[in-house]
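A.B. asks:
Residue numbers (the UniProt record's numbering): 1 to 257.
1. Less than 8 angstroms between the CB atoms is what I'm expecting for residue 188 and residue 215, so what's the real figure, rounded?
2. Would you say residue 146 and residue 176 are within 7 angstroms of each other, going by their C-beta atoms?
3. Indicate the three-state DSSP secondary structure (helix, strand or coil) for residue 101 in the structure shown.
4. Taking 8 angstroms as the threshold, find out whether the region 223-231 comes into contact with the region 121-137 through three or more Cβ pairs.
5. Is residue 200 buried or exposed, if buried means 16 or more other CB atoms sit within 10 Å of its CB?
6. For the putative contact between residue 210 and residue 129, defined by C-beta atoms under 8 angstroms, what is the C-beta separation to the nearest angstrom?
7. Are there 16 or more other CB atoms within 10 angstroms of the CB of residue 205, so buried, or fewer, so exposed?
8. What residues in its chain sit with their C-beta under 7 angstroms from that of residue 161, if we drop five residues either side in the sequence?
9. Quick check: the Cα distance between residue 241 and residue 227, rounded to an integer number of angstroms?
10. My understanding is that residue 222 touches residue 142, with C-beta atoms under 8 angstroms, so please give their C-beta distance in whole angstroms.
11. If distances are taken between C-alpha atoms only, which option among 208, 44, 238 and 179 comes closest to residue 150?
12. At which residues does the alpha helix (DSSP H) containing residue 183 begin and terminate?
13. By a C-beta neighbour count over all protein chains shown, 10 Å radius and 16 as the cutoff for buried, is residue 18 buried or exposed?
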């Protein structure tokens, strides 16, 4: 066998998918499972090698550092840090590498984060407090929960805006509010007349500023002590942190974006 053939064989072997370890399966009946993805990728690799499709060898991206995450591709990660947020909630920081234990959890890092990701593990009830564009990081979390029929996380989302016209993503939020485990409220700081609002918004809209009394009411209406996610201006997040502490949440029971 010539040197070129040896190099070609080695190149194909380097592209062969790596079989996941048993510990990389969460056992939750995911579809597709990491082993389903492995079998799919292995079949593609074998077919490409059999047909000597050299295009598979060209311009390949480093498997150890892909440019983005994909819900259809299994990637391994090495945990770089684990932060304990509550008694049974952890934030795991990961970098792309070979992780021996894999679980499927909701990411809370920004969508444009590069080189790392953060996930929130084992939450039972979420209280989301967002002001203006602070709604942005809440959307993928909300979407990932309602897209999963097996996820029974309860969500209370409070969006704070100046006016009704200034509410972002109205249609999306209305759609999400139809789910059995989602409650959505609005706080409008520059309006004070419910009669000017559509009927569907009147009973879930408050006027003025999101303050201590409403925070205590929201926390008290949750089925269990919630984990809070807060995003907005520096002043807003500072005020919300103070209100949450006064409402009985511990410092490790909320996360500020």
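C-beta: ideal position from N, C-alpha, C; glycine also.
C.D. replies: Quick look at the numbers:
1. Not a contact, Cβ separation roughly 16 angstroms.
2. Their beta carbons are under 7 angstroms apart, which means residue 146 touches residue 176 by this criterion.
3. Annotation note: pLDDT 45 at residue 101 (below 50); position unreliable, coordinate value reported separately. Reduced to three states, the DSSP call for residue 101 is coil.
4. Short answer: they touch.
5. By the neighbour-count rule (16 or more Cβ atoms within 10 Å), residue 200 is not buried but exposed.
6. At roughly 7 angstroms, the Cβ-Cβ gap stays under 8 angstroms, so residue 210 and residue 129 are in contact.
7. Label assigned to residue 205: buried.
8. Listed in chain order, the non-local C-beta contacts of residue 161 below 7 angstroms within the same chain comprise 132, 167, 186 and 188, local neighbours out to five positions each way being set aside.
9. If you draw a straight line from the Cα of residue 241 to the Cα of residue 227, it is about 12 angstroms long.
10. Rounded to the nearest angstrom, the Cβ distance from residue 222 to residue 142 is 16 angstroms, too far for a contact under 8 angstroms.
11. The shortest Cα separation from residue 150 among 208, 44, 238 and 179 belongs to 179.
12. Unbroken run through residue 183 is the beta strand (DSSP E), 182-188; no alpha helix (DSSP H).
13. Exposed.
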